[in-house]
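What follows is a single structure, written as structure tokens, with notes after it.
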Amino acid sequence: NAGVTQTPKFRVLKTGQSMTLLCAQDMNHEYMYWYRQDPGMGLRLIHYSVGEGTTAKGEVPDGYNVSRLKKQNFLLGLESAAPSQTSVYFCASRTGDNQPQHFGDGTRLSIL
Amino acid sequence: GESVGLHLPTLSVQEGDNSIINCAYSNSASDYFIWYKQESGKGPQFIIDIRSNMDKRQGQRVTVLLNKTVKHLSLQIAATQPGDSAVYFCAENKYTGRRALTFGSGTRLQVQP
């Protein structure tokens with residue numbers, strides 16, 4: 035049982051490039067999340083999904099898009115990367131309200 | 238605005254002592270709270286949670302206390318070990334219709350041998 039798997043683990047981009055981060059969970063969870071974590075700070079919610087085919091904005095959605103075409107996958111896209119998007123990105127999932135979120139080990143993204 | 242926060246950014250304790258990590262919240266409508274541990278280079282790991290209809294919940298070596306009167310949450314770790322050294326986050330199920338967690342900025346726990 036792998037839990038929450040994030041791909042890739044590291045990536046370096048140039049300003050203006052695009053890329054997609056993949057999150058996969060094998061726990062049949064309904065809810066999935068994307069957070070970013072900057073040095074010395076807590077996690078900030080980018081986007082989330084409460085079921086296949088649904089997405090919603092979090093605290094810091096600008097510059098990101100997401101898709102949840104399959105229940106087990108949640109994709110985070112950067113259309114035109116900016117240095118301000120240099121961060122560690124965490125994906126999480128859970129069964130529903132008032133349940134613990136389970137996190138992946140993160141994707142470390144640097145934008146030059 | 239209202240937010241989840243922590244009183245101390247760094248806490249240093251001796252191995253074997255008990256640790257107490259505190260967290261303040263300001264939204265009385267929050268009804269679910271959770272503590273996570275994050276080690277360097279890893280994702281947050283669930284420790285323990287508590288619902289607003291409870292004041293205390295115990296796990297293995299950990300206890301979470303919820304004081305709704307003063308809007309305060311604490312995590313107690315008994316007999317702290319070197320492996321407990323990490324950053325600890327509290328979070329609450331507050332915004333977005335309670336469908337996502339809002340995190341505090343974290344407290345670093347350092348365990349001295």
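Chains as they are written, first to last, in this note's numbering: chain G, 35 to 146; chain F, 238 to 350. The C-beta atom is built at its ideal place from N, Cα and C for all residues, glycine as well.
- Residue L310/F holds the alpha-carbon nearest to the alpha-carbon of S289/F among Q297/F, L310/F, K274/F, Q347/F.
- Segment contact: the segment 137-145 of chain G against the segment 37-46 of chain G, three or more CB-CB distances shorter than 8 Å; contact assigned.
- In the three-state scheme derived from DSSP, where H, G and I count as helix and E and B as strand, G320/F is classed as helix.
- In chain order, Q282, I284, A323, Y325 place their CB closer than 6 Å to the CB of K274/F, counting only its own chain and leaving out the 5 sequence neighbours on each side.
- Within its own chain, the residues whose Cβ lies closer than 8 Å to the Cβ of V299/F, once the five positions on either side in sequence are excluded, are W272, I284, I285, L312, Q313, I314, A315, listed in chain order.
- Under the three-pair Cβ rule at 8 Å, the segment 61-78 of chain G counts as touching the segment 118-135 of chain G.
- Straight-line spacing of the CA atoms in M66/G and D72/G works out to 20 Å.
- DSSP places S256/F in the strand class (E or B) of the three-state scheme.
- Approximately 29 Å separates the beta-carbon atoms of S267/F and Q347/F; this is outside 8 Å, ruling out the contact.
- CA-CA distance, H136/G to Y262/F, rounds to 22 Å.
- Proximity to S121/G across G50/G, K105/G, G74/G peaks at G74/G, based on C-alpha coordinates.
- Here the alpha carbons of T49/G and K91/G stand approximately 24 Å from one another.
- At a C-beta separation below 8 Å, H136/G has these neighbours in chain F: F283.
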